[in-house]
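Undergrad: Here the numbering used here is used: the first residue of the sequence shown is 938, the next is one more, and so on.
Can you keep this structure in mind? I'll have questions shortly.
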Amino acid sequence: MFDIAQTDSMVMHVVLALGGRELEFRRNKDAEEARGPRTPIQHYSSALRMMADTIGGEDNGQLDLDAVCTALYLMLMYEQKYGDGKCQGLSNHLVGASLILQHRFKDMLLQLPAPSPEANRRSVALTRRGYDESGSRLSLYSARLLVWIALHDAAAASYGLGGQLNCALHKIMGALDNRATSGISSLFQPLDSFERLHRFSNPLYRSMWADTYPQAELLDDVENRNVYALLGACGQLRFMIAQLANLFHEDDSSSQHQRIAAVDMAIQQVGWKFTELLEVATELSISTDNSHRLAANIRGIVPHYHAVVLDFIRLTSFSETLMLSDRQRNALREIMNLAFQAFKHEGDKSMIRIAWPLFMVALETDDLLHREWVLGRFQGMSRFGKNLDRAHIFLKEVIEAQNRLGRRVDVRERFQSGEVGLFVI
């Protein structure tokens, strides 16, 4: 990213905005953003103007899509961490990302080759390094950034924001796979299509560095590939649950039951696919530190699968008793076990990766000690971003309300009320 920033002023402006705002927030999280020349907000404003000119310009047929994706991804990070309390900036960027995907990437995605050694050899890491005259090939780098942006969009969809990018991606990739574009299968089976894009981007680092790529890094990439595939699958499951929540207002109960069953089956299929990884996570000892990257990734990624289970059951059994099922208790236990381990080895900073799983634990657990521990972690995380600070405030309010009312509080309804500061984690 920084290499691209050194030759693209739009990307450099976002890098300076994000880095500068990070320093400001670390010094005083309650201070207003500094105004004036060469301040983070000024760099960010410049980047926004340049993005609008780049996308809307007359001579946009030969866009540097690697640079556009980089700037867009960094802007999403900026808005998620430091954006307004209504998440308006984040929502606008996600809508913009969806439009760019449909208008600039559709043809490239439709030509995405099936995974094979030959396809890997013909792929290009960056368009600027292997640009063909037609400009029709998707770079490995842009593909990987689309994966990351889709994860942002899926997370936002959990709170009633975003979702358009994943809908567009599934529609395009579904056409690539010659699948039906209507019915339950098209609504709730995006996992294979997303995995195809993710797998296409896998050779990125070794393609970028070629013969200079260290063998240790190459082996490390292969070792961690499966756990990152789980993260991508969890993002898609999270999006599917958000879509299910949007459809719950319909009166057709038989259709609802079918959709619930489809999402539940998808969750179970991911569990079966990654059974070995989930079992290793259960057996991982706290004595194994995070110097081994796979151990750190297991602690930072596997909790997301269990959070998906909690989110699904909370949605589909919302009005039922607060008594927890065995499935919920297992998910809570697995998240807390891995969270304790991660915190022991790396402190509050390691909690950022599992902020959403911890958020779900705080909402669902009946263990007061666990709930207080999670709230303590959110208090510690609040110094790393406005979204985490707002999440901490929101959790305290919702937990107090659930205790007072003796029932669950609808998080999505609270977000739509306009009475709380919005956030995405």
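Idealized CB from N, CA, C, for every residue including glycine.
Using alpha carbons as the reference points, say which of W1293, L1306 and G1284 lies closest to R1327.
TA: With distances taken between Cα atoms, R1327 lies closest to W1293.
Undergrad: For the stretch 1245–1300, which segments carrying the alpha helix (DSSP H) assignment without a break, of at least 4 residues, lie completely within its bounds, in sequence order?
TA: Those alpha helix (DSSP H) runs which fall completely within the stretch 1245–1300 and span 4+ residues are 1263–1283 and 1285–1288.
Undergrad: Would you tell me roughly how many angstroms separate the C-alpha atoms of L1038 and A1279, rounded to the nearest one?
TA: The alpha-carbon atoms of L1038 and A1279 are separated by roughly 36 Å.
Undergrad: Entirely within the stretch 1022–1106 and at least 4 residues each: give me those alpha helix (DSSP H) ranges in chain order.
TA: The qualifying runs are 1025–1037, 1043–1047, 1054–1059 and 1077–1094.
Undergrad: A971 by DSSP, collapsed to three states: which one?
TA: A971: coil per DSSP, three-state reduction.
Undergrad: Roughly how many angstroms separate the alpha carbons of P1050 and M1273, rounded to a whole number?
TA: Approximately 41 Å, taken between the alpha carbons.
Undergrad: Taking DSSP as the reference, what is the three-state secondary structure of H1307?
TA: It is helical.
Undergrad: Please classify I1223 as buried or exposed, where buried requires at least 16 other C-beta atoms within 10 Å of its C-beta.
TA: It is exposed - the Cβ of I1223 has fewer than 16 other Cβ atoms within 10 Å.
Undergrad: Nearest CA to the CA of R1349: which residue from G1313, F1255, H980 and R1290?
TA: R1349 has its Cα closest to that of F1255, out of G1313, F1255, H980 and R1290.
Undergrad: Please state the DSSP three-state secondary structure of N965.
TA: Three-state DSSP puts N965 in coil, outside helix and strand.
Undergrad: Determine, using beta carbons only, whether A1091 and Q979 come nearer to each other than 9 Å.
TA: The answer is no: Cβ separation not under 9 Å.
Undergrad: Report yes if the CB atom of H1135 is closer than 9 Å to the CB atom of V1084, and no otherwise.
TA: In contact: H1135 and V1084 (Cβ atoms closer than 9 Å).
Undergrad: Which of the three DSSP states, helix, strand or coil, is assigned to P977?
TA: Looking at P977 - three-state DSSP - the assignment turns out to be helix.
Undergrad: Just to confirm, are L1312 and L1332 a CB contact at a threshold of 9 Å?
TA: Against a cut-off of 9 Å, the Cβ pair of L1332 and L1312 comes out as a contact.
Undergrad: Hey, S1130 and L1077: beta-carbon distance below 9 Å or not?
TA: Contact flag unset, no.
Undergrad: Spatial neighbours of E1070 within its chain, please: CB distance less than 6 Å, with the 5 preceding and 5 following residues excluded, ordered by chain position.
TA: Residue placement at E1070 cannot be trusted, given a pLDDT of 46 that sits under 50; what the coordinates show is reported in the next sentence. Nothing meets the Cβ criterion.
Undergrad: F1125 to D1285, Cα distance in whole Å?
TA: Unreliable positioning characterises F1125 in this predicted model, as indicated by a pLDDT of 48, which lies under 50. The coordinate reading is nonetheless provided below. Computed Cα separation, rounded: 35 Å.
Undergrad: Can you tell me the Cα-Cα spacing of V1217 and I1289, whole angstroms?
TA: Rounded to the nearest angstrom, the two C-alpha atoms are 22 Å apart.
Undergrad: Assuming G1097 contacts Q1339 under a Cβ cut-off of 8 Å, what Cβ separation, rounded to an integer in Å, is found between them?
TA: That belief does not hold up - the Cβ atoms of G1097 and Q1339 are roughly 20 Å apart, past 8 Å.
Undergrad: Near L1269, which residues of its chain fall below 8 Å by C-beta distance, leaving aside the five closest residues on each side in sequence?
TA: Result list for L1269: H1243, L1247, L1261, V1298, E1301, T1302, D1304 and H1307, in chain order.
Undergrad: With distance defined between alpha-carbon atoms, name the residue in G1020, I1178, P1054 and G1111 nearest to N1139.
TA: When only C-alpha atoms are compared, the closest one is P1054.
Undergrad: Could you have a look at H950 and say whether DSSP puts it in helix, strand or coil?
TA: Three-state DSSP puts H950 in a helix.
Undergrad: Confirm, please, whether the CB-CB distance from P977 to G956 is below 9 Å.
TA: Result yes, Cβ atoms of G956 and P977 sit closer than 9 Å.
Undergrad: Shortest alpha-carbon distance to A1094 belongs to which of L1181, M1318 and A1198?
TA: Closest by alpha carbon: L1181.
Undergrad: Decide if E969 is buried, meaning its Cβ has at least 16 other Cβ atoms within 10 Å, or exposed.
TA: Burial call: exposed.
Undergrad: On the DSSP letters alone, give me the boundaries of the alpha helix (DSSP H) that G1169 sits inside.
TA: Start and end: Q1152 to N1183.
Undergrad: Spatial neighbours of R1162 within its chain, please: CB distance less than 7 Å, with the 5 preceding and 5 following residues excluded, ordered by chain position.
TA: Counting only Cβ-Cβ distances below 7 Å, and skipping sequence neighbours, we find N1139.
Undergrad: I'd like the span of the alpha helix (DSSP H) that includes D1326, first residue to last.
TA: Element bounds for D1326: K1323 to L1342.
Undergrad: Taking the alpha-carbon of E1356 as reference, which of C1171, N1057 and K1023 has the nearest alpha-carbon?
TA: It is K1023.
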